[in-house]
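Engineer:
Protein chains: 2
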Amino acid sequence: MKEFLVGVDGGGSKTACLAVEWNGRAAGYAVGGPSNYHGIGAAAAGQVLRATIAQALASSGALPGEVGALCAGLAGCDRADDRATVESMLAPLACRRMPLVVNDARVALAGAFGSAPGVVVISGTGSIVMGQHGGRIERAGGWGPLLGDEGSGYDVGRRGAVAALRAYDGRGPGTLLVDLYRQYLEGDLDLLIPLVYRPITPADMGRLARLVGEAAGAKDPVALGILEASAGELALGVHAVARRLGLDRPAVVAVGGLFRELPALRQLVAARLGYSHLEWPRYAPVVGAVALAAGCCGYQPEAGVMDSWQRVVLEAGGWSQ
Amino acid sequence: MKEFLVGVDGGGSKTACLAVEWNGRAAGYAVGGPSNYHGIGAAAAGQVLRATIAQALASSGALPGEVGALCAGLAGCDRADDRATVESMLAPLACRRMPLVVNDARVALAGAFGSAPGVVVISGTGSIVMGQHGGRIERAGGWGPLLGDEGSGYDVGRRGAVAALRAYDGRGPGTLLVDLYRQYLEGDLDLLIPLVYRPITPADMGRLARLVGEAAGAKDPVALGILEASAGELALGVHAVARRLGLDRPAVVAVGGLFRELPALRQLVAARLGYSHLEWPRYAPVVGAVALAAGCCGYQPEAGVMDSWQRVVLEAGGWSQ
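Those sequence lines, one after another, are chains A and B.
Counting the first sequence from 1 gives a position; our numbering is that position plus 8.
Counting the second sequence from 1 gives a position; our numbering is that position plus 8.
(1) Considering only their Cβ atoms, is the gap separating B:C85 from B:V115 smaller than 8 angstroms?
(2) Within the chosen definition, does the segment 13–20 of chain A reach the segment 301–320 of chain A through at least 3 CB pairs nearer than 8 angstroms?
(3) Whole angstroms are fine: how far does the CA of A:G152 sit from the CA of B:E287?
(4) Check each residue of the segment 243–262 of chain A: if its Cβ is closer than 9 angstroms to any Cβ of chain B, include it; give the result in chain order.
(5) When Cβ atoms are compared, which residues of the segment 136–157 of chain A fall closer than 7 angstroms to chain B?
(6) Do the CB positions of B:V110 and B:V249 come within less than 8 angstroms of each other?
(7) Between which two residues does the beta strand (DSSP E) carrying B:A24 extend?
(8) Would B:L297 be called buried (16 or more neighbouring beta carbons within 10 Å of its own) or exposed?
(9) Helix, strand or coil for A:L82? Go by DSSP, reduced to three states.
(10) Rank A:A24, A:H247 and A:Y162 by C-alpha distance to the C-alpha of A:G139 and give the top, closest one.
(11) Can you tell me whether DSSP reads A:L13 as helix, strand or coil?
(12) How is B:M314 classed by DSSP in three states: helix, strand or coil?
(13) Alpha helix (DSSP H) containing A:S96: first to last residue?
(14) Check whether the Cβ atoms of A:A34 and A:C25 lie closer than 8 angstroms to each other.
(15) Taking DSSP's pairing of strands, which residues face A:H141 in a bridge?
(16) For the beta strand (DSSP E) that contains A:L273, what are its first and last residues?
(17) Give the residues of chain B in contact with A:A169, contact being defined as C-beta atoms less than 7 angstroms apart.
(18) For B:A311 and B:D212, I'd like the C-alpha separation in whole angstroms.
(19) Mind listing the chain A neighbours of B:L200? Cutoff is C-beta to C-beta under 8 angstroms, in chain order.
(20) Looking at the C-beta of A:R179, does it have a partner C-beta in chain B at a distance below 8 angstroms?
(21) Work out the CA separation of A:G240 and A:V263 for me, nearest whole Å.
(22) Whose Cβ in chain B lies nearer than 8 angstroms to the Cβ of A:V220?
(23) Between which two residues does the alpha helix (DSSP H) holding B:S238 run?
(24) For the alpha helix (DSSP H) that contains A:A59, what are its first and last residues?
(25) Quick one: which residues of the segment 44–67 of chain B get their C-beta closer than 8 angstroms to a C-beta of chain A? List them in chain order.
(26) Are A:R280 and A:A237 close, meaning C-beta to C-beta below 8 angstroms?
(27) Where does the unbroken alpha helix (DSSP H) through B:L117 begin, and where does it stop?
(28) Judging by CA-CA distance, which residue of A:P309, A:G282 and A:G265 is the nearest neighbour of A:P289?
(29) Please list, in chain order, all residues of the same chain as A:A172 whose beta carbon is under 7 angstroms from its beta carbon, the five residues on each side excluded.
(30) In chain order, what residues of the segment 184–213 of chain A put their CB closer than 7 angstroms to some CB of chain B?
(31) Taking the C-alpha atoms as reference points, what is the distance between A:G180 and A:S131?
(32) Let me know the secondary structure DSSP gives A:E323 once reduced to three states.
(33) Shorter than 8 angstroms from the beta carbon of A:L173 to some beta carbon of chain C?
(34) Assuming A:I234 and A:V220 are in contact, meaning their beta carbons sit under 8 angstroms apart, how far apart are those beta carbons, in whole angstroms?
(35) State buried or exposed for A:P72, treating a residue as buried only when at least 16 other CB atoms are found within 10 Å of its CB.
(36) When the distance is taken between beta carbons, is A:V164 closer than 8 angstroms to A:V277?
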């Protein structure tokens, strides 16, 4: 009988799922909407997860009962009772072992470093820093849009809007952001109110971050200041995690959509850390999730095997770094 | 036939309504839940407004058709189409004149200064600065919890939680706030996540501000820093408004629940502005709203009349400054 392993990487903007046959060549990849636990609630997250997983399994050709293990890395899924809720919601998938539910940073870490020491700094819709060393895992940030997520797309987008409004009110220095937001809104800045309080999703707020990138590209000092501050926040998280792990100048990789969208941010974080640049992770987080699922079965996938999983993701266009 | 005037002051935590008989002694006062337009939506705001107004009218003894004019000052109600929406929702009240819907800061300004020049700095669940001079009105801030409201209860409460989490992560200096939030949560700080993303209302976030006040009272430097920064933000708004109005050292009054809850904040704002202290407004915002309603009928209430309205509010415990 065939045995399939399933990995999931679920964040504030999208959910990726990779299903692979262990010791075989069958594989399927699917992408669904956001599955951040606290953002959209457990029920909605469970629904997105089940649908996306079912799609990946169908495209891999897996039959019912052939799923050996499943690992889902979900943004905002941190506390034991959060994990238990999602684990029980994934039970209908009839996975042979209890599904493993972890924070999405955990699967990024597995994709970046396997079990070697290192730190991932993640900035997509949300942000978090997580590192590992000798079996220990430490994290900083990742407290969501209202309590933290400093340096995330949400944070940068919101700071841009706030800076534009401060300039508009005469409470802050003039900035190109006023014009960019006006163009974006096709009207005056008071249109930000219906836009933001409709309410806005974290992912939509994150989309405003590109206006900050655009203004920074034109050397607008306010926008550059926002990117500097955001890079400083992310670097602070790296320092906190490295210190707690006892790592001096750890290997650090950058993960997440905001680093792709704003290359200057990645460079600024590297500079803050005293590095010439930040590497991308070797494997996509969703591949890290499959590796953790393999671990649930006691398997240790070799690099050649993980390379083949990564190719499935790359060929599906699911990993553009 | 009797003629009643109705004033409403609606914010993120509560809605106050005062109905008074013009040239008479009948009066009624009622308090309802939040009616901030963008926070809870137009339909819910309209419902709270109609219910609270009906209660005040009933207790004043007004009969149907006896309402001459109504003025509602609502947090977040700024744009012409917002106002038109609420105005039409108040039409069932059968007010003889079209209801007047304005921002809640506008009625506070009327309560504080009548038509004399001056600036109100408001910090309750939200925050805004508004001033008037020679018929012109200018404002700064008031962009709501996600885009501004710097120095509001929401902002101070959120900054307190963020500072506690930064200390907890090792991303920021240690602070008494960690212990205070732990006591409040009756558990560890990760309980902030279910608390805040349940989701939290702006008013509930504002309630966390008292923990910052408590820590500041114990001379915690992080909490003192939050109050200093918040006072700086509010003073910045006063400067921006005064500059646009051409007012040099304007009369400034403090309005809103956060100033009552955190007396240190009021003192810090005064210090930033170079004043020995900030006065409270002469009349409650809801009395200012009634005065604006009177203006809709061409009436100009004298001080003795406004004093009698204010007494109704004070006797109902609706104004504790």
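Using N, Cα and C, we set each Cβ at its ideal position, and we do this for glycine too.
Structural biologist: Per the coordinate set shown:
(1) Walking along the second sequence from the start, residue 115 of chain B turns up at place 107. Walking along the second sequence from the start, residue 85 of chain B turns up at place 77. No, they are not a contact pair.
(2) Yes, since at least three Cβ pairs between the segment 13–20 of chain A and the segment 301–320 of chain A fall closer than 8 angstroms, the two stretches touch.
(3) Numbered from its first residue, the second sequence carries residue 287 of chain B at position 279. Numbered from its first residue, the first sequence carries residue 152 of chain A at position 144. Rounded to the nearest whole angstrom, the C-alpha separation of B:E287 and A:G152 is 39 angstroms.
(4) If the cut-off is 9 angstroms between Cβ atoms, the segment 243–262 of chain A has L244, G245, H247, A248, V249, R251 and R252 near chain B.
(5) Correct list: A148, G149, W151, G152, L154, L155 and G156.
(6) Counting from one through the second sequence, the residue named residue 110 of chain B turns up at place 102. Counting from one through the second sequence, the residue named residue 249 of chain B turns up at place 241. No; because the gap between Cβ atoms is not below 8 angstroms, this pair is not in contact.
(7) For this step, residue 24 of chain B is matched to residue 16 along the second sequence. Counting along the chain, the beta strand (DSSP E) containing B:A24 begins and ends at T23 to E29.
(8) Your numbering for residue 297 of chain B matches position 289 in the second sequence. In the sequence as presented, Leu is not what sits at residue 297 of chain B; that position holds Ala. Classification for B:A297: buried.
(9) The residue you call residue 82 of chain A lines up with position 74 of the first sequence. Three-state DSSP puts A:L82 in a strand.
(10) Sequence index remark: in the first sequence, residue 139 of chain A carries index 131 (1-based). Considering only alpha carbons, the answer is A:H247.
(11) Residue mapping note: residue 13 of chain A aligns to position 5 of the first sequence, counting from 1. A:L13 falls in the strand class under three-state DSSP.
(12) Locating residue 314 of chain B in the second sequence gives position 306, counting from the first residue. It is helical.
(13) By one-based count along the first sequence, residue 96 of chain A stands at place 88. A:S96 -> alpha helix (DSSP H) spans A88 to M97.
(14) Locating residue 34 of chain A in the first sequence gives position 26, where the first residue counts as 1. Locating residue 25 of chain A in the first sequence gives position 17, where the first residue counts as 1. A distance of 8 angstroms or more separates the beta carbons of A:A34 and A:C25.
(15) Position 133 of the first sequence, counted from the first residue, corresponds to residue 141 of chain A. Its beta-bridge partners are A:R144.
(16) Here the question's residue 273 of chain A lines up with position 265 in the first sequence. Taken as a continuous stretch (DSSP letters only), A:L273 belongs to no beta strand (DSSP E), being part of the alpha helix (DSSP H) at P271 to L281.
(17) The residue you call residue 169 of chain A lines up with position 161 of the first sequence. By Cβ distance, chain B contributes L155.
(18) Position 303 of the second sequence, counting from 1, holds the residue named residue 311 of chain B. Position 204 of the second sequence, counting from 1, holds the residue named residue 212 of chain B. Roughly 37 angstroms between the two C-alpha positions.
(19) By 1-based counting over the second sequence, the position of residue 200 of chain B is 192. B:L200 reaches chain A at W151 and L155, counting residues in chain order whose Cβ is nearer than 8 angstroms.
(20) Here residue 179 of chain A refers to the residue found at position 171 when the first sequence is read from its first residue. With respect to chain B, the C-beta atom of A:R179 has a partner C-beta closer than 8 angstroms.
(21) Taking the first sequence and counting its residues from 1, the one referred to as residue 263 of chain A is at position 255. Taking the first sequence and counting its residues from 1, the one referred to as residue 240 of chain A is at position 232. If you take the alpha carbons of A:V263 and A:G240, they lie about 16 angstroms apart.
(22) Stepping through the first sequence from its first residue, residue 220 of chain A is reached at position 212. In chain order: nothing, as chain B lies at least about 14 angstroms away.
(23) Working through the second sequence from its first residue, we reach residue 238 of chain B at position 230. Unbroken alpha helix (DSSP H) run through B:S238: P229 to L253.
(24) Position 51 of the first sequence, counted from the start, is the residue given in the question as residue 59 of chain A. Start and end: A50 to S68.
(25) Correct list: H46 and G47.
(26) Counting from 1 along the first sequence, the entry for residue 280 of chain A is found at position 272. Counting from 1 along the first sequence, the entry for residue 237 of chain A is found at position 229. No, the pair does not count as a contact, with Cβ atoms beyond the cut-off.
(27) By one-based count along the second sequence, residue 117 of chain B stands at place 109. Note, B:L117: alpha helix (DSSP H), D112 to F121.
(28) Along the first sequence, one-based indexing puts residue 289 of chain A at 281. It is A:G265.
(29) What you label residue 172 of chain A is simply residue 164 of the first sequence in a count that begins at 1. Sequence-distant partners of A:A172 (beyond 5 residues in either direction) whose C-beta falls short of 7 angstroms from its own C-beta, in its chain, are T183, L185, V186, Y189 and L197.
(30) The residues in question are D198, L200, I201, V204 and Y205.
(31) As a first step, residue 180 of chain A is located in the first sequence; it is residue number 172 there, counting from the start. As a first step, residue 131 of chain A is located in the first sequence; it is residue number 123 there, counting from the start. For A:G180 and A:S131, the distance between alpha carbons rounds to 27 angstroms.
(32) Numbered from 1 along the first sequence, position 315 holds the residue referred to as residue 323 of chain A. Here A:E323 carries a helix assignment [DSSP, helix/strand/coil].
(33) The structure shown contains no chain C; its protein chains are A and B.
(34) Position 226 of the first sequence holds residue 234 of chain A. Position 212 of the first sequence holds residue 220 of chain A. Between A:V220 and A:I234 the Cβ distance is about 5 angstroms, and since that is below 8 angstroms, they are a contact.
(35) Residue mapping note: residue 72 of chain A aligns to position 64 of the first sequence, counting from 1. Looking at its Cβ environment, which holds fewer than 16 other Cβ atoms inside 10 Å, A:P72 is exposed.
(36) Mapped onto the first sequence, residue 277 of chain A falls at position 269. Mapped onto the first sequence, residue 164 of chain A falls at position 156. Cβ atoms of A:V277 and A:V164: not closer than 8 angstroms.
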